[in-house]
Amino acid sequence: MAILWLAALGGGMYGGMAAAEDVPNPVPLPRPRPPLWLEPRSFLEAAGPGFDSAAVTAEPSDCRKRLAAIATIAPMPRLIGPGACGGGDMVELDAVKLASGGAVGLNPKPLLRCEMAESLAGWIRDEATPRLAKAGASLRRVETYDDFECRGRNRVLGAKLSEHGKGNAVDVRAFTLADNRVIGLTDIGVPKELRASIRESACARFTTVLGPGSDGYHDSHIHLDLAARRNGHRICQWDVREPPPPAEVVPLPPPRPAIVAVKDGRKL
1026 MAILWLAALG
1036 GGMYGGMAAA
1046 EDVPNPVPLP
1056 RPRPPLWLEP
1066 RSFLEAAGPG
1076 FDSAAVTAEP
1086 SDCRKRLAAI
1096 ATIAPMPRLI
1106 GPGACGGGDM
1116 VELDAVKLAS
1126 GGAVGLNPKP
1136 LLRCEMAESL
1146 AGWIRDEATP
1156 RLAKAGASLR
1166 RVETYDDFEC
1176 RGRNRVLGAK
1186 LSEHGKGNAV
1196 DVRAFTLADN
1206 RVIGLTDIGV
1216 PKELRASIRE
1226 SACARFTTVL
1236 GPGSDGYHDS
1246 HIHLDLAARR
1256 NGHRICQWDV
1266 REPPPPAEVV
1276 PLPPPRPAIV
1286 AVKDGRKL
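According to our numbering, the sequence shown holds residues 1026 to 1293 in order.
As C-alpha cells, this is what we get:
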C-alpha cells in the first residue's frame, strides 16, 4: 500500500499543504488485539480477590457521561486479566465529536479506561484538529497502533506491568486527512514545525509521551499514557527529528583537453 506523504507547507501559519506523491508506506500496521477476559456471568466466578461487584453498575460513571458529550463510545464490561491487568469503567472509543459538527474516527478503535479515553478524545478535539486546520489540513481519522493489552513494558519478559495492561495507554501512528493524505507522527518528511506543535500539545495533555529518541521501542509511533507518579512527575521524550542534510555535491573534474595530431607544423 502506498502512503501519501505530506509535502512542504506554504501559505497560512505553515504555508498551506502542497501536493503529495506516492512513496512506500513506512507506517507500521496496528498490532492484533489479544484475547480478553470479560466480566463473568456471576460475580462468584470473578477471577482474583480484587473484584468488586459494587463497582460494576449499569449506571454510567461521571467520566462516561462527560465522554459521551464529546465522543461516540461503546461501554465495556470489566476486564479481568492476570495480576493487576484489566480494570473497570472501560470503553471502546469509536469517534470524537468536533465542535464544528463533524467527527474524527479512530482505526483500530482503542479499548481504554474511561479517563484515558476522555483525555485522548479531548486532545484530538481541542489540540490536534485545530493545529492541523491551522496548517490547512482537515483531520478525518487517527491511526492507532496499540491500546489495552495484558503485557509487561515493551513486551519484555518479567518487566513491570505496562500502562497498556491497565487500559491507561494508547499508541498513535499517524493522522489521515480528509483528502486521504497520511501524516506519520514520526515521519521526518512532515514539516518539523507541525510535528513540534503536535508534540507540545501531547506533552501538556498526557503524563507520559514516548517517541523517537526515547528508548528504542517507539521510533515508529508515539506512546501516550496517564501514569501517576510521585510529585506529579511527567515524561516527555519525543525527538522531533529533521531530515538528513542533502549530500554534498562534489564538482566534476574539468574536461581533459583534446589531443590533436600535428604533422609538419600543421594540425591533421
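Backbone N, C-alpha and C fix where the C-beta goes; we use that ideal spot for every residue, glycine too.
Within 8 Å, strictly: CB atoms of residue i and residue j
i                  : j               : result
lysine 1297        : glutamate 1267  : No answer is possible for residue 1297: it lies beyond the span of the chain, which begins at 1026 and ends at 1293.
aspartate 1171     : aspartate 1212  : no
valine 1121        : isoleucine 1149 : yes
glycine 1106       : cysteine 1175   : yes
alanine 1194       : histidine 1248  : yes
serine 1163        : alanine 1203    : yes
threonine 1169     : asparagine 1205 : no
valine 1265        : arginine 1198   : no
phenylalanine 1200 : leucine 1157    : yes
glycine 1130       : arginine 1166   : yes
alanine 1094       : leucine 1118    : no
arginine 1089      : proline 1100    : yes
Whole-angstrom C-beta distance between residue j and residue i, which should lie under 8 Å
i            : j             : result
valine 1116  : leucine 1145  : Not really, about 11 Å apart at Cβ, beyond 8 Å.
alanine 1153 : serine 1226   : 7 Å
glycine 1192 : arginine 1138 : 4 Å
leucine 1186 : alanine 1109  : 6 Å
glycine 1112 : leucine 1104  : 6 Å
Unbroken alpha helix (DSSP H) run spanning residue i, endpoints
i               : result
glycine 1190    : Counting along the chain, glycine 1190 falls outside any alpha helix (DSSP H), and DSSP gives it neither H nor E.
isoleucine 1223 : 1217-1230
arginine 1156   : 1154-1159
Beta strand (DSSP E) segment containing residue i, residue limits
i               : result
cysteine 1261   : 1260-1262
glutamate 1117  : 1115-1122
isoleucine 1095 : No beta strand (DSSP E) holds isoleucine 1095; the alpha helix (DSSP H) holding it covers 1087-1095.
leucine 1235    : 1233-1235
According to DSSP, residues forming a beta bridge with residue i
i               : result
valine 1197     : Thr1169 and Ile1247
alanine 1142    : Paired residue(s): none; alanine 1142 is not in a bridge.
glycine 1177    : Leu1186
glycine 1130    : Ala1120 and Arg1166
glycine 1209    : Ala1199
isoleucine 1149 : According to DSSP, isoleucine 1149 bridges with nothing at all.
leucine 1137    : Val1116
alanine 1099    : Glu1117
Interface flag, residue i vs chain D, CB-CB below 8 Å
i           : result
valine 1215 : No chain D appears in the structure shown, which is made up of a single protein chain.
Problem set entry | Sufficient close CB pairs (3 or more, under 8 Å) joining the stretch 1275-1286 to the stretch 1226-1235 | no
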